[in-house]
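Below is one structure; the comments refer to it alone.
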Amino acid sequence: MSSLPDQFHALVIGASGTIGTAFVDLLERSPRCASVRGLHRHSSPAIDFADESSIAAAAQALAAGPRYHLIVNATGVLHDGASMPEKRLADLNYSHMQAIFQANTFGPALVIRHFVRLLASERAIMALLSAKVGSIGDNRLGGWYSYRASKAALNMVVKTAAIEVARTQKNSVLVALHPGTVNSRLSQPFKGEIIGRPAHDAVTDMLQVIDALTPADSGSFRSYNGAELPW
Ligand SMILES: NC(=O)c1ccc[n+]([C@@H]2O[C@H](COP(=O)([O-])OP(=O)(O)OC[C@H]3O[C@@H](n4cnc5c(N)ncnc54)[C@H](OP(=O)(O)O)[C@@H]3O)[C@@H](O)[C@H]2O)c1
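Residue numbers (this note's numbering): -14 to 216.
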């Protein structure tokens, strides 16, 4: 992370997940990184998107600490114990859609709202994990209605917030990042172990992409290899 100041501070939200854990691990190993804070549903403070007030409370609790040069939001849900992604229109229902949108869109949007003020003024990046299947232009297979739509909506939130944040925090970069297919809890029911990469490989790539981003790139939707993805 040579573009960040020496002794930079990092925060990972969703640090209990497969990709979030790898971000914490690799950042801790970076000699230029002074501190890595990991938050999740059972950390102190905790962030649980089912409890809206926990997001503001966690940001408030961290406000007394250092400003962050890197904030990564690595939360996300594709399936839970109760439901799997929809294959067809007949599978759509409010309960699944609400749960997926709360986890993938509403929660990350409020993370931007409350944590953007904790970004360092000199150079700072806030990366929100999205997914290529949230690309409308790239949708060729259909299915996975809620997940696709929740990530497309997240991308719009990131783009819109980037425009607003640029007015007051000129050195900040907001980016929606696709990690590629990673072997994780989220991908496990969909052959993740066979077709997914180890999280450490994906995070190594994403840190390189993050490192190269400039304020002119704020509001973009990037893949783990740096390529801009269609909206
Ligand atoms: N894995 C892939 O192939 C892949 C591909 C494209 C995009 N992505 C994206 O990458 C990100 C990370 O995915 P992953 O593979 O690391 O999944 P994961 O291992 O299942 O981790 C998901 C993380 O999200 C947290 N989370 C879920 N619901 C939450 C809620 N309501 N409130 C707060 N935290 C919540 C989980 O917390 P708990 O530990 O408490 O459950 C966990 O920290 C997601 O945004 C996902 O959409 C992954």
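Backbone N, C-alpha and C define an ideal beta-carbon position, used for all residues, glycine too.
#1: Which residues in the same chain have their Cβ closer than 7 Å to the Cβ of Tyr53, if we skip the five residues on either side of it in sequence?
#2: For Arg125 and Gly119, I'd like the C-alpha separation in whole angstroms.
#3: Could you check which residue in Asn210, Ala44, Ala187 has the C-alpha nearest to that of Val96?
#4: DSSP three-state call for Arg108: helix, strand or coil?
#5: Flag this pair as touching only if the region 12 to 24 and the region 132 to 145 have three or more C-beta atom pairs under 8 Å; answer yes or no.
#6: Going by the C-beta, is Ile179 closer than 7 Å to any heavy atom of ligand 2?
#7: With DSSP collapsed to three states, give me the class of Arg26.
#8: State yes or no: is the C-beta of Pro180 within less than 8 Å of the C-beta of Met111?
#9: Say whether the region 29 to 45 touches the region 190 to 201, bearing in mind that this needs 3 or more beta-carbon pairs closer than 8 Å, one atom from each stretch.
#10: Where Asn89 and Pro16 are concerned, what is the direct C-alpha to C-alpha distance, given to the nearest angstrom?
#11: Bridge partners for Phe8 per DSSP, in chain order?
#12: Are the beta-carbon atoms belonging to Ser115 and Phe206 less than 8 Å from one another?
#13: Let me check one thing: in DSSP terms, what residues is Tyr53 bridge-paired to?
#14: What whole-angstrom Cβ distance do Ser203 and Val142 have, given they're in contact under 8 Å?
#15: Residues in its own chain within less than 7 Å of Ile121 by CB, not counting five upstream and five downstream?
#16: List the DSSP bridge partners of Ser20.
#17: Three-state secondary structure (DSSP) at His64?
#18: Quick one, are the C-beta atoms of Asn168 and Asp190 less than 8 Å apart?
#19: If we count the other Cβ atoms within 10 Å of its Cβ and call it buried at 16 or more, is Pro183 buried or exposed?
#20: By how many angstroms is the C-alpha of Lys72 removed from the C-alpha of Gly127?
#21: May I ask you to check if the CB of Ile121 is nearer than 7 Å to at least one heavy atom of ligand 1?
#22: At the level of alpha carbons, what is the spacing between Glu37 and Gly92?
#23: Name the residue from Thr153, Ala19, Val194 whose alpha carbon lies nearest to the alpha carbon of His163.
#24: Is Leu55 near ligand 1 - that is, is its Cβ less than 7 Å away from at least one heavy atom of it?
#25: Give the single residue among Gln154, Ala146, His27 whose Cα lies nearest to the Cα of Ser39.
In terms of the structure at hand:
#1: In the sequence shown, residue 53 corresponds to position 68, counting from 1. Excluding positions up to five away in sequence, the list reads His(-6), Ala(-5), Leu(-4), Leu103, Leu104, Ala105, Ala109.
#2: Stepping through the sequence shown from its first residue, residue 125 is reached at position 140. Stepping through the sequence shown from its first residue, residue 119 is reached at position 134. Going by the C-alpha atoms only, they are around 11 Å apart.
#3: On the sequence shown, position 111 is the one that residue 96 refers to. Among Asn210, Ala44, Ala187, the Cα nearest to that of Val96 is on Ala44.
#4: Along the sequence shown, read from residue 1 onward, the residue named residue 108 stands at position 123. Looking at Arg108 - three-state DSSP - the assignment turns out to be coil, as it is neither helix nor strand.
#5: no
#6: Here the bound small molecules are ligand 1; ligand 2 is not part of this structure.
#7: Taking the sequence shown and counting its residues from 1, one reaches residue 26 at position 41. In the three-state scheme derived from DSSP, where H, G and I count as helix and E and B as strand, Arg26 is classed as coil.
#8: For the purposes of this step, residue 180 is taken as the residue at position 195 of the sequence shown. For the purposes of this step, residue 111 is taken as the residue at position 126 of the sequence shown. Reading the sequence as shown, one finds Ile at residue 180 and not Pro. No, the Cβ-Cβ distance between Ile180 and Met111 is not below 8 Å.
#9: no
#10: For this step, residue 89 is matched to residue 104 along the sequence shown. For this step, residue 16 is matched to residue 31 along the sequence shown. Spanning the two alpha carbons is a distance of roughly 32 Å.
#11: The count along the sequence shown starts at 1 and reaches residue 8 at position 23. Bridge pairing for Phe8: absent [DSSP].
#12: Indexing the sequence shown from 1 puts residue 115 at position 130. Indexing the sequence shown from 1 puts residue 206 at position 221. For Ser115 and Phe206, yes; Cβs fall inside 8 Å.
#13: Against the sequence shown, residue 53 aligns to sequence position 68. According to DSSP, Tyr53 bridges with Leu104.
#14: Walking along the sequence shown from the start, residue 203 turns up at place 218. Walking along the sequence shown from the start, residue 142 turns up at place 157. Ser203 to Val142, Cβ: 13 Å. No contact.
#15: Within the sequence shown, residue 121 is the residue found at index 136, counting from 1. Cβ neighbours of Ile121 beyond the five flanking positions: Ala137, Trp216.
#16: Here the question's residue 20 lines up with position 35 in the sequence shown. The beta-bridge partner set that DSSP reports for Ser20 consists of His(-6).
#17: What you label residue 64 is simply residue 79 of the sequence shown in a count that begins at 1. In this structure, His64 counts as coil in the three-state DSSP scheme.
#18: In the sequence shown, counting from the first residue as 1, residue 168 sits at position 183. In the sequence shown, counting from the first residue as 1, residue 190 sits at position 205. No, the pair does not count as a contact, with Cβ atoms beyond the cut-off.
#19: As a first step, residue 183 must be located in the sequence shown, where it is residue number 198. Pro183 comes out exposed.
#20: As a position in the sequence shown, residue 127 is number 142, starting the count at 1. As a position in the sequence shown, residue 72 is number 87, starting the count at 1. Gly127 and Lys72: Cα-Cα distance of roughly 8 Å.
#21: Within the sequence shown, the letter at position 136 stands for residue 121. Answer for Ile121: no, Cβ out of range of ligand 1.
#22: For the purposes of this step, residue 37 is identified with residue 52 of the sequence shown, where counting begins at 1. For the purposes of this step, residue 92 is identified with residue 107 of the sequence shown, where counting begins at 1. Each residue's alpha carbon lies about 8 Å from the other.
#23: Counting from 1 along the sequence shown, the entry for residue 163 is found at position 178. Per the Cα distances, Val194.
#24: The residue you call residue 55 lines up with position 70 of the sequence shown. No - ligand 1 has no heavy atom lying nearer than 7 Å to the Cβ of Leu55.
#25: Stepping through the sequence shown from its first residue, residue 39 is reached at position 54. Ranking Gln154, Ala146, His27 by CA distance to the CA of Ser39 puts His27 first.
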